[in-house]
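Here is the structure we will look at, set down as structure tokens.
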Amino acid sequence: MASSVEPARNAAPVTSAPSSAGTLFTAADVARVIDRMTHQLIERAASADPDSPDGGLSGLVLIGIPTRGAPLARRLAARIEAFSGVPVDVGTVDITLYRDDLRLRGVRALEPTMLPDAGIDGRVVVLVDDVLFSGRSVRAALDALRDLGRPRAVRLAVLVDRGHRELPIRADYVGKNVPTSRAQQVKVHLSEIDGSDAVLVTEDGVRGESQQ
Amino acid sequence: MTYLIRGVRPYGGDAADIVIKDGRITTIGEHLSVPGAEVVDADGLIALPGLVDLHTHLREPGREDAETVETGSRAAALGGFTAVHAMANTDPVADTAGVVEQVWRLGRQAGLVDVVPVGAVTVGLRGERLAELGAMADSAARVRVFSDDGSCVSDPALMRRALEYVKAFDGVVAQHAEEPRLTAGAQMHEGDRSARLGLTGWPAAAEEAIIARDVLLAGHVGARLHICHVSTAGSVEILRWAKARGVRVTAEVTPHHLLLTDACAEGYDPVFKVNPPLRTDADVEAVRLGLADGTIDAVATDHAPHAVEDKESEWAQARPGMLGLEQALSVVVETMVETGLLDWQGVADRMSVQPATIGRLAEHGRPLAPGEPANLLVLDPAARAVVDPATLASRSRNSPYAGRELPGRVVATFLRGDATVLDGKAVR
Amino acid sequence: MKRHLLEAADLDRADATLVLDTAAQIDAALAGREVKKLPTLRGRTVVNLFYEDSTRTRISFELAAKRLSADVINFSAKGSSVSKGESLKDTALTLEAMGSDAIVVRHSASGAPHRLANWVRGSVVNAGDGTHEHPTQALLDAYTIRQRLGRLEGVRVGIVGDVLHSRVARSNVSLLHTLGAEVTVVAPPTLLPVGVGSWPVEVSYDLDAVLPKVDVVMMLRVQAERMNASFFPSAREYSRRYGLDAPRMGTLADGAIVMHPGPMNRGMEIAAEVADSVRSTIVEQVANGVSVRMAVLYLLLGGNEPA
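Shown next, in the form of structure tokens:
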């Protein structure tokens, strides 16, 4: 299984084609990818704010999009603190009430929205999600953020970008680009929710941003 | 016209041929041959005396949009009836000789059943003073049954006077037993379901209290009393007690009270709103047994047509009442014959003989025998059909049996020797 | 979830819990926000069809729908075609033709929302029908109890007053039973329905005996006109036997709460000092009503194709 991780800035397509069904990331791959993304987050925070004593990290807020974006955001924050010694604020934004596909997919249970006490005004928000697909979840999250405050900037971090965008949205931090067909399903497993870490690709998937 | 009904089983007994001529049954025998007669092939079917309904609302005059004497007569004929008593709560109320004669004449014109007008007991059904009962009795309509049906004659002194007064012409007061102070705003049977559905309850005691009072009054003055649409187990007990004491009381039960319960109110479809209301399973069981043992003398339809707008509404706003003429016999077959509670002789007794006797109709409720008036029906007891209100002859559509499969089909009906129904269709 | 919310029994335990959880999430999501509006029901039309005056309930539903960005039409029976004799069915078909996705109906006739549901394709929400039910009131009551006491399972609730004529009581008995609470209804026997024995409740005529044993006491509004129909001899006697005053409140267990669906008759079924005490949840109930109704509208409308 290929485990090369492409930085988001690198526009070159990933060479590894996914097998028809199977494991794309093992648990070790997931950990390695998260560490890679962590370093990118730290580097970019520092380069954006070179004079800051904490490397620009105190201005950062990681906001997970439930379900699996939430633990991903917490993991990234923990790794940032481990590498840099600086604690980073974490939160979640539930996008259910901002979706534009209610009529197609019906209702689902709401997940919590929790912002850090310091809020998001004037800070750099990094939205965190597991899979980037059509871009509609991210659009919904952007709409939700707008009602919650006014960040200085909003970035996007995803574990897997599987293509097939339906909106002009791209991620700033990508764990891995995975070309897929629409019929395929990309499923991220995280130990907090699923008991173990893995990323799977299956053929018979219903079309979805990520399966929640 | 001469008819030869071939292979029919009178009262469900052995097959025979029946010859009808000049308004009478002339011969009953085997393998008859009558030149020129119209043959009705009735192999395996059952012949019964024409049914008599003590309780029909024909709505004319006043609500011809809901029913007319003619459409109601056609519905009656299709149900196997040869006589129906037309209730007095028309507009104007049938409380004078003029109105009852009008209804009677309309019935003659339609010519499908004998329409026997019921006279109001009190002027305008208001329960205040007696209508001209004698004038109605002496009119061409020859009224013998008097009722304020729809309203109860609740004033005990007035009820006593009415019972006494009609003795002069062998009349009978048919009481709508409902103590109005106990049923203000009532919407359905008072019990577990009304409590949950939030509909004001119509307590069984409101019916039973009036029946108890009136059997005592009738016994006291030695008058005939008839109780309309008995609906509760308690009413059956009181009647049984009164009859045992020799009170001259008779009673009727409707097809819907033999079949349906207050469970029908779930969903709030006002087609099931009726007065008295549908009761419990125990009440249904009790009225069936009461009809079987003769405590209840007769089945009467309380056929109550209502225009669509009077039923397609909120439950509380809807008018009470349901159609009954066309399905009455089928419901009796289902609830009384197929359960073994009545045989065909019993059906003839409760649906023809007893109601004719109570209404003092000399030409109806007679036996199927040579020389008797040819008022009879031919029934296919094996046929089963799903009731479709759109196909009913009534001008209204408020059948509580819509979508329900019921047994028995009236194939032919004869009124004084003339076919009013042949091949299951009204002749006109 | 069913398409309509006509009575509390339309919700099984999972559905009812989903409504309460959704309301809690909405509450949390909107807490402290300046923009108290969500785009969820943009382009949907909610009609408030009110045949009875009830400003409180109508405003609560209106606010709920507007916070979800639905278009709201208030159709009051007064001064409309209804007062000119238009039937409920014709009104329903008219609203349907105008493209309503949900009809919130308040009506004096029990079962009117059930009838309406037969005639329209959109969702019907019962906002109180006659003496039958008022399911969103029961949901907001359950939500309030859970918020204050942290649970519903095993919570002992006394419902006190005119149970016979109360749609609030019927919905609460049904919903609280579904959610595992233990309900006792307390009233003079004249104000209990004949069929109350078939309800999943204890029945008591003695308020003083019940108060020390409950976690929640829910006082129902008693209308003075019932007095004229001899349901009880006088307002004073009613108040003395079944009113909740300060000394009676003192017999409640620590932490027990006092609820009232409003509008209150202060001095009749509830004393002013009780209504204004820390045990009283009356103001919270009003606030929670909006969140619960948002949850109901979201769950009923969210998944349906537009009409």
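Same order as they appear, the protein sequences are chains A, B and C.
One point on numbering: in the working numbering, the residue at position 23 of the first sequence is 23, and numbering is uninterrupted.
One point on numbering: in the working numbering, the residue at position 167 of the second sequence is 167, and numbering is uninterrupted.
One point on numbering: in the working numbering, the residue at position 65 of the third sequence is 65, and numbering is uninterrupted.
Glycine is no exception: its CB is placed at the ideal position from the N, C-alpha and C atoms.
Measure from the alpha carbon of residue i to the alpha carbon of each residue in the options, then state which is nearest.
{"i": "residue 231 of chain B", "options": "B:254, B:214, B:248", "result": "B:254"}
{"i": "residue 30 of chain B", "options": "B:40, B:48, B:293, B:8", "result": "B:8"}
{"i": "residue 205 of chain C", "options": "C:96, C:220, C:190, C:186", "result": "C:186"}
{"i": "residue 429 of chain B", "options": "B:426, B:425, B:418", "result": "Missing from the structure shown is residue 429 of chain B; chain B here goes from 1 to 428 and no further."}
{"i": "residue 45 of chain A", "options": "A:124, A:74, A:182", "result": "A:124"}
{"i": "residue 138 of chain B", "options": "B:72, B:114, B:257, B:166", "result": "B:166"}
{"i": "residue 12 of chain B", "options": "B:371, B:386, B:420, B:347", "result": "B:347"}
{"i": "residue 74 of chain A", "options": "A:100, A:34, A:101", "result": "A:34"}
{"i": "residue 139 of chain C", "options": "C:287, C:30, C:16", "result": "C:16"}
{"i": "residue 3 of chain C", "options": "C:246, C:77, C:117", "result": "C:117"}
{"i": "residue 260 of chain B", "options": "B:268, B:249, B:201, B:272", "result": "B:272"}
{"i": "residue 114 of chain B", "options": "B:376, B:164, B:392, B:169", "result": "B:376"}
What are the residues that DSSP puts in a beta bridge with residue i?
{"i": "residue 201 of chain B", "result": "B:188"}
{"i": "residue 380 of chain B", "result": "B:409"}
{"i": "residue 303 of chain B", "result": "B:56, B:322"}
{"i": "residue 46 of chain C", "result": "C:72, C:102"}
{"i": "residue 123 of chain C", "result": "C:102"}
{"i": "residue 298 of chain B", "result": "B:252"}
{"i": "residue 479 of chain B", "result": "With chain B covering only 1 through 428, there is no way to say anything about residue 479 of chain B."}
{"i": "residue 266 of chain C", "result": "C:270"}
Give the straight-line distance between the Cα atoms of residue i and residue j, rounded to the nearest whole angstrom.
{"i": "residue 152 of chain C", "j": "residue 7 of chain C", "result": "19 angstroms"}
{"i": "residue 423 of chain B", "j": "residue 289 of chain B", "result": "33 angstroms"}
{"i": "residue 159 of chain B", "j": "residue 186 of chain B", "result": "23 angstroms"}
{"i": "residue 121 of chain B", "j": "residue 275 of chain B", "result": "19 angstroms"}
{"i": "residue 310 of chain B", "j": "residue 319 of chain B", "result": "6 angstroms"}
{"i": "residue 274 of chain C", "j": "residue 306 of chain B", "result": "52 angstroms"}
{"i": "residue 362 of chain B", "j": "residue 416 of chain B", "result": "13 angstroms"}
{"i": "residue 51 of chain B", "j": "residue 395 of chain B", "result": "21 angstroms"}
{"i": "residue 300 of chain B", "j": "residue 9 of chain C", "result": "38 angstroms"}
{"i": "residue 95 of chain A", "j": "residue 264 of chain C", "result": "39 angstroms"}
{"i": "residue 13 of chain C", "j": "residue 120 of chain C", "result": "27 angstroms"}
{"i": "residue 25 of chain A", "j": "residue 163 of chain A", "result": "17 angstroms"}
{"i": "residue 403 of chain B", "j": "residue 345 of chain B", "result": "29 angstroms"}
{"i": "residue 3 of chain A", "j": "residue 160 of chain A", "result": "Bear in mind that the predicted position of residue 3 of chain A carries a pLDDT of just 41, short of 50, making it unreliable; the figure below should be weighed with that in mind. Near 12 angstroms, if we compare the C-alpha coordinates of residue 160 of chain A and residue 3 of chain A."}
{"i": "residue 52 of chain C", "j": "residue 48 of chain B", "result": "55 angstroms"}
{"i": "residue 207 of chain A", "j": "residue 338 of chain B", "result": "The pLDDT assigned to residue 207 of chain A is 45, lower than 50, so where the model puts this residue is not dependable; a value taken from the coordinates is nonetheless given after this. One C-alpha to the other measures close to 58 angstroms."}
{"i": "residue 54 of chain A", "j": "residue 176 of chain A", "result": "28 angstroms"}
{"i": "residue 2 of chain B", "j": "residue 85 of chain B", "result": "28 angstroms"}
{"i": "residue 108 of chain B", "j": "residue 243 of chain B", "result": "36 angstroms"}
{"i": "residue 87 of chain C", "j": "residue 302 of chain C", "result": "29 angstroms"}
{"i": "residue 381 of chain B", "j": "residue 35 of chain B", "result": "29 angstroms"}
I need the boundaries of the alpha helix (DSSP H) containing residue i, first residue and last residue.
{"i": "residue 155 of chain A", "result": "Not the alpha helix (DSSP H): residue 155 of chain A falls in the beta strand (DSSP E), residues 153–161."}
{"i": "residue 6 of chain B", "result": "Unbroken run through residue 6 of chain B is the beta strand (DSSP E), 3–10; no alpha helix (DSSP H)."}
{"i": "residue 120 of chain A", "result": "Per DSSP, residue 120 of chain A belongs to no alpha helix (DSSP H) and is neither H nor E."}
{"i": "residue 354 of chain B", "result": "354–359"}
{"i": "residue 228 of chain C", "result": "225–228"}
{"i": "residue 219 of chain C", "result": "Looking at the DSSP string, residue 219 of chain C is not in any alpha helix (DSSP H); the run it does join, the beta strand (DSSP E), is 216–219."}
{"i": "residue 345 of chain B", "result": "344–348"}
{"i": "residue 66 of chain C", "result": "55–67"}
Identify the continuous beta strand (DSSP E) that holds residue i and give its terminal residues.
{"i": "residue 259 of chain C", "result": "257–259"}
{"i": "residue 81 of chain B", "result": "81–86"}
{"i": "residue 229 of chain B", "result": "Careful: residue 229 of chain B lies outside any beta strand (DSSP E) and carries neither H nor E."}
{"i": "residue 25 of chain A", "result": "22–25"}
{"i": "residue 200 of chain A", "result": "198–202"}
{"i": "residue 189 of chain A", "result": "185–189"}
{"i": "residue 204 of chain C", "result": "202–204"}
If we call anything under 7 angstroms between Cβ atoms a contact, is residue i one with residue j?
{"i": "residue 215 of chain A", "j": "residue 5 of chain C", "result": "With chain A covering 1 to 212 only, the question about residue 215 of chain A has no answer from this structure."}
{"i": "residue 60 of chain A", "j": "residue 76 of chain A", "result": "no"}
{"i": "residue 279 of chain C", "j": "residue 258 of chain C", "result": "yes"}
{"i": "residue 262 of chain B", "j": "residue 189 of chain B", "result": "yes"}
{"i": "residue 211 of chain C", "j": "residue 252 of chain C", "result": "yes"}
{"i": "residue 298 of chain B", "j": "residue 354 of chain B", "result": "yes"}
{"i": "residue 330 of chain B", "j": "residue 400 of chain B", "result": "no"}
{"i": "residue 130 of chain C", "j": "residue 217 of chain C", "result": "no"}
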